[in-house]
Amino acid sequence: MIKALPYLLFLVSFFAIVGCTATSNYDEKNIDRLAFEIEQLGPSVSAEEARRASYIAHTYSLQLAKEYNVTTSAMAHNQLVVHGLRKRGYCNHYTADLSKRLKQEDFRTLTVHWAVSPPAPLRIIHHSVIISPRGGTIDDGILLDPWRNSGVLFYSKPQDDERYDWRTRAEVREQLLLDAEARDARFSSD
Numbered sequence: 003m004i005k006a007l008p009y010l011l012f013l014v015s016f017f018a019i020v021g022c023t024a025t026s027n028y029d030e031k032n033i034d035r036l037a038f039e040i041e042q043l044g045p046s047v048s049a050e051e052a053r054r055a056s057y058i059a060h061t062y063s064l065q066l067a068k069e070y071n072v073t074t075s076a077m078a079h080n081q082l083v084v085h086g087l088r089k090r091g092y093c094n095h096y097t098a099d100l101s102k103r104l105k106q107e108d109f110r111t112l113t114v115h116w117a118v119s120p121p122a123p124l125r126i127i128h129h130s131v132i133i134s135p136r137g138g139t140i141d142d143g144i145l146l147d148p149w150r151n152s153g154v155l156f157y158s159k160p161q162d163d164e165r166y167d168w169r170t171r172a173e174v175r176e177q178l179l180l181d182a183e184a185r186d187a188r189f190s191s192d
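Numbering (my numbering) for the sequence shown: 3 to 192.
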């Protein structure tokens, strides 16, 4: 018990500093705003599908936060997962689950993408969903990020997101592999 005391004190201090997340409920105005933004992505986008996608993105994000037992900020919750105190709640968990749920809708006028922002100094890799007009790219869509605000949906155009540099999974994977090869080459030449 005495050995665990510093760890316990660290956790208590950490969560006192970070604070708890607000348990915000979605509202119709937010759903309407996002539905409008999705519909404005192009003339082929169905208003009904835009509304359905918005509703699911808002409500399912909150549902996932409850299922993951999120009671803190996203970064603090990540530490709970790292230390085995929670099973799920990383950004890639939210992305996988929200993406799967949206794809169940079989949208005819929308495409669901998995986007990644590569790691950078003082920033970890981040995953999120982007919804675009059918056949569009991630640059044509709207970012749906349920992780950032602990289940309260954040959305924007990917290029307008000041925190992250959104790219396709394939592009980030290729960059990470090239970075690893360069690192290995540096170490093997020493």
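Idealized CB from N, CA, C, for every residue including glycine.
Please classify Leu176 as buried or exposed, where buried requires at least 16 other C-beta atoms within 10 Å of its C-beta.
In the sequence as displayed, the identity of residue 176 is Glu instead of Leu. Exposed, because fewer than 16 other Cβ atoms sit within 10 Å of the Cβ of Glu176.
Starting from Val84 and walking both ways along the alpha helix (DSSP H), at which residues does that stretch end?
Ala76 to Val84
Could you tell me the alpha carbon to alpha carbon distance between Arg125 and Gly86, rounded to whole angstroms?
22 angstroms
Same chain only: Cβ atoms within 6 angstroms of Trp149, ignoring 5 sequence neighbours per side
Ala76, Cys93 and Tyr96
Any idea what DSSP makes of Ala24, helix, strand or coil?
Confidence at Ala24 is low in this model, with a pLDDT of 42, below 50, so its placement is unreliable and no value can be given for it.
Bridge partners of Ile144, per DSSP?
Ile133
Measure the C-alpha to C-alpha separation of Ser134 and Val118 and round it to an integer number of angstroms.
15 angstroms
Please classify Glu164 as buried or exposed, where buried requires at least 16 neighbouring CB atoms within 10 angstroms.
exposed
What's the call for Gly137, buried or exposed, on a 16-neighbour Cβ count within 10 Å?
exposed
What are the boundary residues of the beta strand (DSSP E) that includes Ala236?
With the chain covering only 3 through 192, there is no way to say anything about residue 236.
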